[in-house]
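Be aware that the sequence shown starts at 39, since it is given in the numbering used here, and climbs by one per residue. No residue lacks a Cβ here, since even glycine has one placed at the ideal position from N, Cα and C. A quick write-up on the structure given underneath.
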Amino acid sequence: MPLCIFCRNERELTEEHIVPDCIGGSLKPRLLCKECNSNLGSTIDGPFSNTVLVQLPRQSYQIPGKGGSVPNPFGAYGAITHEGRELSVRLDEQFKPYVKPMVTEQRTDQGLEISITIDKEDEGDIESILRKKITRYYRSLGMPDDDIQTKVAQAVQDAKKVAVPVSHQPTIKYLFSIDINVLVLESIKIAYEIAALEFGDMYVTGSPVAEALRCALRHQRRDEIAGGLGIDLGPLKAILPGQDAHYVLLLHNSCVVSIFGIASTIEYCGEQEAFARSIDDAVLYVFDPANRSHTKYLLANFLFQHANGKA
Ligand SMILES: [Zn+2]
Numbered sequence: 039m040p041l042c043i044f045c046r047n048e049r050e051l052t053e054e055h056i057v058p059d060c061i062g063g064s065l066k067p068r069l070l071c072k073e074c075n076s077n078l079g080s081t082i083d084g085p086f087s088n089t090v091l092v093q094l095p096r097q098s099y100q101i102p103g104k105g106g107s108v109p110n111p112f113g114a115y116g117a118i119t120h121e122g123r124e125l126s127v128r129l130d131e132q133f134k135p136y137v138k139p140m141v142t143e144q145r146t147d148q149g150l151e152i153s154i155t156i157d158k159e160d161e162g163d164i165e166s167i168l169r170k171k172i173t174r175y176y177r178s179l180g181m182p183d184d185d186i187q188t189k190v191a192q193a194v195q196d197a198k199k200v201a202v203p204v205s206h207q208p209t210i211k212y213l214f215s216i217d218i219n220v221l222v223l224e225s226i227k228i229a230y231e232i233a234a235l236e237f238g239d240m241y242v243t244g245s246p247v248a249e250a251l252r253c254a255l256r257h258q259r260r261d262e263i264a265g266g267l268g269i270d271l272g273p274l275k276a277i278l279p280g281q282d283a284h285y286v287l288l289l290h291n292s293c294v295v296s297i298f299g300i301a302s303t304i305e306y307c308g309e310q311e312a313f314a315r316s317i318d319d320a321v322l323y324v325f326d327p328a329n330r331s332h333t334k335y336l337l338a339n340f341l342f343q344h345a346n347g348k349a
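Have a look at this one:
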């Protein structure tokens with residue numbers, strides 16, 4: 039029986055998406071036991087796939103998840119202020135705004151004041167809203183039902199006269215928060231798994247850094263790990279894939295992980311030369327999330343092909 043690269047137990051191994059499935063990662067070697075696979079899925083991949091930095095590009099490049107749906111980070115209601123009123127608006131998949139219905143009523147000396155803010159799509163609901171509110175009001179005053187019907191009909195007529203249709207291009211404010219730890223932990227997971235794939239058991243058991251990466255993932259803490267978000271790749275940056283692709287690069291003792299153009303670097307081995315990759319044998323995985331495919335290159339070959347206009 040093979041060993042799980044995470045818990046080191048002899049177990050049947052399952053397919054693990056090194057780059058998460060939700061962003062089109064197609065590299066899925068058998069590295070982890072079922073339990074470790076599911077634990078990493080819920081503690082590392084899950085929070086990562088929910089972050090807006092992943093959902094926004096998935097929406098903009100239309101990358102569906104396993105279930106076939108593309109996330110809509112604007113599906114929740116955001117707030118707009120229109121003529122001094124706070125409205126709740128959300129956007130559908132085609133960015134068409136929808137106004138959440140808002141009904142207020144106030145009993146005054148003159149009677150009942152009702153204010154309705156409603157999306158054009160729900161215009162047909164105005165009559166039933168008025169009917170419900172007015173009926174309840176006059177019943178509470180002891181009015182017979184026949185008279186109430188007359189009142190309702192009159193109110194519906196009046197409402198049509200005073201209704202103000204509004205059409206404008208609103209600015210909708212959304213507040214998103216991003217936990218950088220979630221992104222870095224995902225990069226740590228990718229760096230560890232790609233190194234385990236490249237160097238096998240030698241790395242998993244023989245590198246103190248490998249142990250530290252496992253520990254960071256187990257406790258979801260990254261403070262002991264060298265590396266982080268945002269790196270300067272120098273002239274390589276112009277050659278490596280852009281925002282619509284992902285890549286994982288093993289160079290020297292670091293793993294560069296770039297997801298939708300957001301790059302981080304994780305030190306995956308220390309000074310052990312057996313696991314470091316020189317510029318000549320550096321390995322580059324390029325992922326095409328739209329087509330769910332990937333290609334592995336020697337960095338040197340990739341650069342050569344690029345220089346010849348093939349990559
Ligand atoms: Zn395991």
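Query, Result
"Three-state class that DSSP yields for Met39 in the structure shown", "coil"
"With 16 other Cβ atoms within 10 Å as the buried cut-off, status of Lys275", "exposed"
"One or two residues paired with Ile118 in a DSSP bridge", "Leu125"
"Any non-hydrogen atom of ligand 1 closer than 7 Å to Cys253 Cβ", "no"
"Test: Ile172 CB closer than 8 Å to a CB of chain D", "The structure shown contains no chain D; it is built from a single protein chain."
"Euclidean distance between Cα positions of Thr188 and Lys198", "16 Å"
"Beta-carbon contacts of Val194 that lie in its chain and below 7 Å, excluding the five residues immediately before and after", "Glu165 and Leu168"
"Where Glu50 falls: helix, strand or coil (DSSP)", "coil"
"With 16 other Cβ atoms within 10 Å as the buried cut-off, status of Lys211", "exposed"
"Inter-residue spacing [alpha-carbon to alpha-carbon] between Thr173 and Arg128", "31 Å"
"Residue range of the unbroken beta strand (DSSP E) whose run includes Ile61", "Careful: Ile61 lies outside any beta strand (DSSP E) and carries neither H nor E."
"Contact belief for Ile216 with Val295 at Cβ below 8 Å, rounded distance in angstroms", "With 8 Å as the limit, Ile216 and Val295 do not qualify as a contact, their Cβ atoms being about 17 Å apart."
"Residue ranges of each beta strand (DSSP E) within the segment 250-283, 3 or longer", "265-267"
"Identity of the residue in Gln310, Tyr323 and Ala328 nearest Asn339 by Cα", "Tyr323"
"Coil, strand or helix - Glu151 by DSSP", "strand"
"Continuous alpha helix (DSSP H) stretch holding Ala320: start and end", "Here Ala320 belongs to no alpha helix (DSSP H), and DSSP marks it neither H nor E."
"Start-to-end residues for the beta strand (DSSP E) that takes in Pro135", "Pro135 to Val137"
"Local conformation of Ala301 per DSSP, three classes", "strand"
"Backbone secondary structure at Asp83 - three-state DSSP", "helix"
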